[in-house]
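Data first, discussion second: the structure below is written as structure tokens.
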Amino acid sequence: QVVGTLLGSGGGPFVLQLRSVVNAIKHAATDDRIKGLFITGNLIPLDLGSGFAALREVREAIEEFKATGKPVLAYGTYPGTRELYLMSAADEIVLNPLGMVWMPGLASEGLFFKGAFDKYGIGVQVTRAGKFKSYHDPYVRQDFSPETRQELQELLGDLWEDIRGTVATGRGIEPAKLQAIVEGPEALRAELALDAGLVDRLAYFDEVLAELRDRTGVQDESDAFTQIDIVSYTRAAVRGAVGPGGSQNRVAVVYAEGTIVDGGGMAGEIGSDTYARELRRLRTDSNVKAVVLRVNSPGGSASASEDILREMQLLKAAKPTIVSMGTYAASGGYWISAHADRIFAEPETVTGSIGVTGLVFNIKGLGESVGITFDTVKTGKFADFISVSRPKTESEMLWLQSATDNVYEQFIDRVVSGRKLGRPHVESIAQGRVWSGQRAVDLGLVDEIGGLGKAIEFAAQKADLGSSYRVEEFPRKKSFAEALEEMFQPGMEQFSDGGPVEAVVRHVRQELAALRRFNDPASVYALFPFAISAK
Numbered sequence: 002q003v004v005g006t007l008l009g010s011g012g013g014p015f016v017l018q019l020r021s022v023v024n025a026i027k028h029a030a031t032d033d034r035i036k037g038l039f040i041t042g043n044l045i046p047l048d049l050g051s052g053f054a055a056l057r058e059v060r061e062a063i064e065e066f067k068a069t070g071k072p073v074l075a076y077g078t079y080p081g082t083r084e085l086y087l088m089s090a091a092d093e094i095v096l097n098p099l100g101m102v103w104m105p106g107l108a109s110e111g112l113f114f115k116g117a118f119d120k121y122g123i124g125v126q127v128t129r130a131g132k133f134k135s136y137h138d139p140y141v142r143q144d145f146s147p148e149t150r151q152e153l154q155e156l157l158g159d160l161w162e163d164i165r166g167t168v169a170t171g172r173g174i175e176p177a178k179l180q181a182i183v184e185g186p187e188a189l190r191a192e193l194a195l196d197a198g199l200v201d202r203l204a205y206f207d208e209v210l211a212e213l214r215d216r217t218g219v220q221d222e223s224d225a226f227t228q229i230d231i232v233s234y235t236r237a238a239v240r241g242a243v244g245p246g247g248s249q250n251r252v253a254v255v256y257a258e259g260t261i262v263d264g265g266g267m268a269g270e271i272g273s274d275t276y277a278r279e280l281r282r283l284r285t286d287s288n289v290k291a292v293v294l295r296v297n298s299p300g301g302s303a304s305a306s307e308d309i310l311r312e313m314q315l316l317k318a319a320k321p322t323i324v325s326m327g328t329y330a331a332s333g334g335y336w337i338s339a340h341a342d343r344i345f346a347e348p349e350t351v352t353g354s355i356g357v358t359g360l361v362f363n364i365k366g367l368g369e370s371v372g373i374t375f376d377t378v379k380t381g382k383f384a385d386f387i388s389v390s391r392p393k394t395e396s397e398m399l400w401l402q403s404a405t406d407n408v409y410e411q412f413i414d415r416v417v418s419g420r421k422l423g424r425p426h427v428e429s430i431a432q433g434r435v436w437s438g439q440r441a442v443d444l445g446l447v448d449e450i451g452g453l454g455k456a457i458e459f460a461a462q463k464a465d466l467g468s469s470y471r472v473e474e475f476p477r478k479k480s481f482a483e484a485l486e487e488m489f490q491p492g493m494e495q496f497s498d499g500g501p502v503e504a505v506v507r508h509v510r511q512e513l514a515a516l517r518r519f520n521d522p523a524s525v526y527a528l529f530p531f532a533i534s535a536k
């Protein structure tokens with residue numbers, strides 16, 4: 002997903018599907034009615050949306066548009082890293098005279114609950130396989146472990162090098178010079194941003210609108226310049242077809258976005274039952290000639306990941322099965338990808354994290370603090386293992402560690418067989434370690450750098466469809482009426498930036514919501530814990 006604001010949208014935030022945005026820009030490049038592209042507004046990171054892996058595809062579409070000779074103009078007031086990443090593909094960047102450029106770099110901030118859990122009597126016990134596997138850190142530590150700090154520092158360095166290099170190339174600046182600019186002693190207010198070459202000129206929004214009126218031949222100042230926003234253009238001009246529209250041949254794109262959980266799952270989750278059922282249906286649909294699984298997930302339940310992988314294996318035996326990795330395809334997200342015919346990722350994709358964590362909670366101390374006690378009658382020493390009323394015994398933790406080790410070995414096996422790699426090599430790059438998409442290509446975990454569009458083209462080619470096919474997407478896209486109804490329902494406040502206090506509250510809510518997703522039957526998880534932020 003790409004989340005942002007749009008000229009002509011009423012100023013409110015909205016969510017656009019990545020493929021719709023890319024297709025619209027590519028279609029506009031060859032549409033004689035479209036004379037130029039105007040980029041304005043801000044992107045709002047929401048869950049896994051607006052990651053740099055997705056923005057790269059949008060940026061490449063903008064570059065293709067510009068290559069046709071049509072002008073691309075960008076305007077901003079406070080562009081951050083995400084906005085500048087896209088805007089740097091434009092012919093010209095205009096900044097509000099009172100504006101400022103903000104491109105400080107990348108960061109990953111952990112939220113740690115150990116102090117609060119200790120205070121309220123909530124106990125946590127963990128097992129792990131892989132020295133870099135750190136999903137349990139927020140519940141048993143008050144800071145990053147040395148291994149986590151090391152891998153995050155290296156990962157952020159890889160991602161930042163690519164992002165900084167892309168912006169620097171777009172602006173004609175050496176990467177080292179750009180680093181010095183963004184780390185300068187003063188905020189990059191408009192005049193300094195102009196002097197540094199990050200923008201081309203300064204102007205107010207009304208002045209830019211007047212220029213656009215002139216370019217489109219509108220004489221009356223009371224009239225808007227001739228325009229169509231990308232949402233309307235997508236509905237009017239882009240129908241999702243690739244090649245001749247009459248073909249019954251389909252390339253199915255299945256979006257697996259969110260945490261992987263057992264069962265049906267909820268919004269923002271990849272429910273193993275739901276996705277396994279969908280993959281089975283596509284396997285038996287004779288009109289579906291190839292399938293692309295678009296993975297944007299930090300992982301989750303190990304058993305749920307295995308259920309989905311099993312259906313991927315059966316699907317691959319029946320028809321071409323391709324994986325396109327988004328911002329995250331880590332841990333369980335990599336597990337479900339490992340057996341695809343070909344794996345595509347972007348340089349900014351976070352992937353790997355081949356490791357396993359066992360995690361169990363108990364509320365014995367919390368109960369005792371308010372006068373609640375527990376008692377149990379059982380027929381065997383493991384009969385009440387799932388109980389949260391007490392800490393696990395040493396023998397129970399040994400049992401959980403054996404389960405964790407077994408799942409880790411199974412994870413390694415899946416990667417070895419799916420990627421056709423030697424086991425010693427996989428063991429050396431596993432250990433729960435996360436990698437950038439480019440590093441993953443070098444290590445053999447990913448086949449090729451490329452986005453969703455490239456993955457779809459490869460799937461059609463492997464299925465010998467030529468240009469005669471259509472793309473069908475799952476889960477089903479909402480109709481316009483459904484999307485419109487959602488816009489007027491409560492809950493849109495989640496998009497609001499809301500200032501620092503709301504940002505902290507939102508962060509805590511997201512982390513606490515993750516606790517509900519711990520539903521693996523064996524309490525074993527393949528999950529990457531920390532998000533990467535860029536203002």
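Residue numbers (this note's numbering): 2 to 536. We put the CB at the ideal spot given by N, CA and C, even for glycine.
1) State the CB to CB distance for the pair Val545 and Ala62, rounded to an integer number of angstroms; the pair is presumed to be in contact (CB under 8 Å).
2) According to DSSP, Thr352 sits in a beta bridge with which residue or residues?
3) Would you kindly work out how many angstroms separate the C-alpha atoms of Ser332 and Phe412, rounded to a whole number?
4) Is the beta carbon of Met88 sitting closer than 9 Å to the one on Gly100?
5) Could you name the residues of the same chain whose beta carbon sits closer than 6 Å to that of Arg424, not counting the 5 residues immediately before and after it, in chain order?
6) Are Tyr79 and Trp103 touching if we call contact CB-CB under 9 Å?
7) So, are the CB atoms of Ile164 and Ala91 less than 9 Å apart?
8) Identify the continuous beta strand (DSSP E) that holds Lys320 and give its terminal residues.
9) Taking all protein chains shown into account, decide if Ala268 is buried (16 or more other Cβ within 10 angstroms of its Cβ) or exposed.
10) Assess, as a yes-or-no matter, whether the stretch 344-359 is touched by the stretch 398-413 under the definition of 3 or more beta carbon pairs within less than 8 Å.
11) Below 8 Å on the Cβ atoms is my guess for Pro147 versus Phe114; work out the distance and round it to an integer in Å.
12) Per DSSP, what kind of secondary structure is Ile35 in: helix, strand or coil?
13) Please list, in chain order, all residues of the same chain as Val555 whose beta carbon is under 8 Å from its beta carbon, the five residues on each side excluded.
14) How many whole angstroms separate the CB atoms of Glu474 and Val254, which I take to be in contact at a CB cut-off of 8 Å?
15) If we cut at 9 Å on Cβ distances, does Gln314 have a partner in chain C?
16) Measure from the alpha carbon of Ser304 to the alpha carbon of each residue in Gly327, Ile271, Pro321, then state which is nearest.
17) Give the single residue among Glu258, Asn363, Thr405, Val141 whose Cα lies nearest to the Cα of Thr275.
18) Does the Cβ-Cβ distance between Leu193 and Val95 come in under 9 Å?
19) Going along the chain, which residues of its own chain have a beta-carbon closer than 8 Å to the beta-carbon of Ala277, five neighbours each way excluded?
20) Does the beta-carbon of Thr235 have 16 or more other beta-carbons within 10 angstroms, so that it is buried, or is it exposed?
21) Based on Cα-Cα distance, which residue from Val289, Ser21, Ala54 lies nearest to Gly327?
22) What span of residues does the beta strand (DSSP E) with Thr260 cover, start to end?
23) Given a threshold of 16 other Cβ atoms within 10 Å of its Cβ, counted over all protein chains shown, does Asp263 qualify as buried or as exposed?
24) Is it true that the CB of Leu315 sits closer than 9 Å to the CB of Arg284?
25) If you count every other CB in all the chains shown that lies within 10 Å of the CB of Ser437, and 16 or more means buried, which is it?
26) Bridge partners for Leu360 per DSSP, in chain order?
Let me spell this out:
1) Residue 545 cannot be examined here, being either before or after the span of the chain that is shown, 2 to 536.
2) Ala330, Trp436
3) 9 Å
4) no
5) Val417
6) yes
7) no
8) Run containing Lys320: none; DSSP gives neither H nor E here.
9) exposed
10) yes
11) Actually they do not touch by this definition, with Cβ atoms about 20 Å apart.
12) coil
13) Because the chain is modelled from 2 through 536, residue 555 falls outside the range shown and cannot be assessed.
14) 5 Å
15) The displayed structure is made up of one protein chain only, and chain C is not part of it.
16) Ile271
17) Glu258
18) no
19) Asp308, Ile309, Arg311, Glu312
20) buried
21) Ala54
22) 251-262
23) buried
24) yes
25) buried
26) Val127
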